[in-house]
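Enquirer: Counting from 76, one number per residue, gives the positions in the sequence shown under my numbering.
Handing you a structure now.
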Amino acid sequence: MSKSPFSRAGLFIWGLSVLFFLYEFFLRSSIGSIAHQIIPALHLNPKTFALMGSAYYLVYAAMQIPAGMLIDKYGVRFILTTAVFVCAGATLLFSQSTHFTVALISRSLLALGSSFAFIGLLVVVVNWFPKRYFSFFSGVSQFIGTMGPLLAAGPLIGFMNSYQHSWRFTFVIISVFGFTLAILMALTIKNKSQRTQRKLIYLNLPSLGKTSLLKSLKSSQTWYIAFYSATVYVSIELLGAMWGTEYLQARGFTQNTAANIISFAWFGYAVGCPLVGFLSDRSNRRKSSLVCCAFLGLFSTLCALFPKTQAAWFYATTFFTLGIAAAGQNVGFALMAENTSARIRAASLGLNNAAITLFNALIPLIIGYFIFTSSHGLPMQSLKPEHFGGFIVLPILYCIAILLSLLFIRETFGKSQHEPMKLKLGTVFD
Numbered sequence: 076m077s078k079s080p081f082s083r084a085g086l087f088i089w090g091l092s093v094l095f096f097l098y099e100f101f102l103r104s105s106i107g108s109i110a111h112q113i114i115p116a117l118h119l120n121p122k123t124f125a126l127m128g129s130a131y132y133l134v135y136a137a138m139q140i141p142a143g144m145l146i147d148k149y150g151v152r153f154i155l156t157t158a159v160f161v162c163a164g165a166t167l168l169f170s171q172s173t174h175f176t177v178a179l180i181s182r183s184l185l186a187l188g189s190s191f192a193f194i195g196l197l198v199v200v201v202n203w204f205p206k207r208y209f210s211f212f213s214g215v216s217q218f219i220g221t222m223g224p225l226l227a228a229g230p231l232i233g234f235m236n237s238y239q240h241s242w243r244f245t246f247v248i249i250s251v252f253g254f255t256l257a258i259l260m261a262l263t264i265k266n267k268s269q270r271t272q273r274k275l276i277y278l279n280l281p282s283l284g285k286t287s288l289l290k291s292l293k294s295s296q297t298w299y300i301a302f303y304s305a306t307v308y309v310s311i312e313l314l315g316a317m318w319g320t321e322y323l324q325a326r327g328f329t330q331n332t333a334a335n336i337i338s339f340a341w342f343g344y345a346v347g348c349p350l351v352g353f354l355s356d357r358s359n360r361r362k363s364s365l366v367c368c369a370f371l372g373l374f375s376t377l378c379a380l381f382p383k384t385q386a387a388w389f390y391a392t393t394f395f396t397l398g399i400a401a402a403g404q405n406v407g408f409a410l411m412a413e414n415t416s417a418r419i420r421a422a423s424l425g426l427n428n429a430a431i432t433l434f435n436a437l438i439p440l441i442i443g444y445f446i447f448t449s450s451h452g453l454p455m456q457s458l459k460p461e462h463f464g465g466f467i468v469l470p471i472l473y474c475i476a477i478l479l480s481l482l483f484i485r486e487t488f489g490k491s492q493h494e495p496m497k498l499k500l501g502t503v504f505d
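Okay, here's the thing in structure tokens:
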């Protein structure tokens, strides 16, 4: 009987890593859903609210390459456990903040801890599962992780309204969950697979990790893939985690209805990641998935910005397809893994994530400035659809993604472009 390529230990460790990704994704997105409660409590305006959100992404982006290198050096057990503790502590601090400065510090600390979640998860997938399942498992991971922002939308508002909990008490509960998860990870996670491995002789010259990383940074394909991933993903983060609820309320929806519509964006992303990953793996074609996602994103953002109806079902459908379009960045990670050598793969995946989060920091900040300027400092509840004119940048970004995927990114056919020549030596035990 053939041996399963998936060990129980690997699946359990992967499950804990996915749970951390879900947790930090929930925390990242929740600020947009409860903006109406947070803004007056912390004495914010659209500009300072956008700055607080962008600070998160700036710290997150700055940590992506260092995060990958630290995980490569110290392993996922120590790094991920510490990261969860930092996230839980930052959440507790945020729940007690009363003004902008403390909230900014707590969100920055949250970003510091969160920056290790996705890269660590990808490293777990690489270490514990066969290469041919990388895109599929990264897609399934994002499907599960995306339950975080989905829960941070309608369900979070419903929970707070049903039990009459303040946002502060709710975040205390969330921090307790984080501390519990950190303890569980510290007790159970292993760094590398201990399964039987087939030893190989590699006919390639040894190279230093830093030299390989510099070589990767000089590759145009690395940057094309990173910029594609950023442009195809930023719209869902902007609308799903920052300004979407406010935009829909300006369109006439209640906070609860707006939050439920936002949930459809994350549900579309959750469905799209494993689906697009599976189709990409099955066909051994990456570019076709990239192109389709970019065109779908362009169509979705145009529908969201220039609607023909104000019906909730129309916006829910539009946001759902926007979520599927954002799943194109999942294929971007597979491409990045296939375009870099194994010794710097975590750092290269970190670079891809850094590009995504840098866009997530800058685009909302720019749009927040335009909203503040066009509204002349009106309170958030008084904003109108015309104050969100800066959203026109979203379809423009998808046009850039279309050009990158059609003209610049090369097809890898689902195979590593840096595979060394191998000689079969035999089966041994570690």
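Every residue gets a Cβ at the ideal spot worked out from N, C-alpha and C, and that includes glycine.
Does the region 359 to 368 touch the region 396 to 404, meaning 3 or more C-beta pairs lie closer than 8 Å?
Expert: The region 396 to 404 vs the region 359 to 368: in contact.
Enquirer: Give the straight-line distance between the Cα atoms of SER105 and TYR132, rounded to the nearest whole angstrom.
Expert: SER105 and TYR132: Cα-Cα distance of roughly 14 Å.
Enquirer: Kindly indicate the opening and closing residues of the alpha helix (DSSP H) around GLN296.
Expert: Element bounds for GLN296: 295 to 312.
Enquirer: Determine the closest residue to GLN112 out of ALA165, MET144, THR173, THR156, with distance taken between C-alpha atoms.
Expert: Ranking the options by Cα distance to GLN112, first place goes to THR173.
Enquirer: If the criterion is Cβ atoms closer than 9 Å, does the pair ASN428 and GLN217 meet it?
Expert: No, they are not a contact pair.
Enquirer: PHE100 by DSSP, collapsed to three states: which one?
Expert: The answer is helix: DSSP assigns PHE100 an H, G or I state.
Enquirer: In angstroms, rounded to a whole number, what distance separates the CA positions of ILE442 and MET144?
Expert: Distance between the alpha carbons of ILE442 and MET144 is about 33 Å.
Enquirer: For the alpha helix (DSSP H) that SER190 lies in, which residues bound it at each end?
Expert: Counting along the chain, SER190 falls outside any alpha helix (DSSP H), and DSSP gives it neither H nor E.
Enquirer: So, VAL159 versus GLY188, is the Cβ gap smaller than 9 Å?
Expert: Yes, they are a contact pair.
Enquirer: Do you know how far the Cα of PHE252 is from the Cα of TRP242?
Expert: Using only the alpha carbons, I get a separation of about 16 Å.
Enquirer: Determine the extent of the alpha helix (DSSP H) in which THR156 is found, giving its start and end residues.
Expert: 151 to 170 is the extent of the alpha helix (DSSP H) around THR156.
Enquirer: May I ask which residues mark the beginning and end of the alpha helix (DSSP H) holding HIS111?
Expert: First-last of the alpha helix (DSSP H) with HIS111: 110 to 116.
Enquirer: Once you ignore the five residues that flank TRP155 on each side, which residues in its own chain have a CB closer than 7 Å to its CB?
Expert: Sequence inspection shows Leu at residue 155; the Trp mentioned does not correspond to that position. Taken in chain order, the residues that qualify are SER92, PHE95, PHE191, GLY195, MET260, ILE264.
Enquirer: Flag this pair as yes or no: are the beta carbons of GLY107 and GLY327 separated by less than 9 Å?
Expert: Cβ atoms of GLY107 and GLY327: not closer than 9 Å.
Enquirer: For the alpha helix (DSSP H) containing TYR322, list its first residue and its last residue.
Expert: 319 to 325 is the span of the alpha helix (DSSP H), which, as asked, contains TYR322.
Enquirer: In whole angstroms, what separates the C-alpha of THR306 from that of LEU478?
Expert: In a straight line, the C-alpha of THR306 is about 11 Å away from that of LEU478.
Enquirer: My output table needs one value for LYS265: the three-state DSSP class, helix, strand or coil.
Expert: Reduced to three states, the DSSP call for LYS265 is coil.
Enquirer: Does DSSP classify ILE31 as helix, strand or coil?
Expert: Here the chain covers residues 76 to 505 and nothing more, so residue 31 does not appear.
Enquirer: For ILE258, does the count of other Cβ atoms within 10 angstroms reach 16, so buried, or fall short, so exposed?
Expert: Its Cβ having fewer than 16 others within 10 Å, ILE258 is exposed.
Enquirer: Specify the secondary structure class of ASN236 as computed by DSSP and reduced to three states.
Expert: Helix.
Enquirer: In chain order, what residues of the same chain lie with their CB nearer than 6 Å to the CB of GLY425, ignoring the 5 residues before and after it?
Expert: Hits under 6 Å: GLN139, ILE140, ALA142, GLY143, ILE194.
Enquirer: When DSSP labels each residue in this structure, what does GLY85 get in the three-state scheme?
Expert: It is helical.
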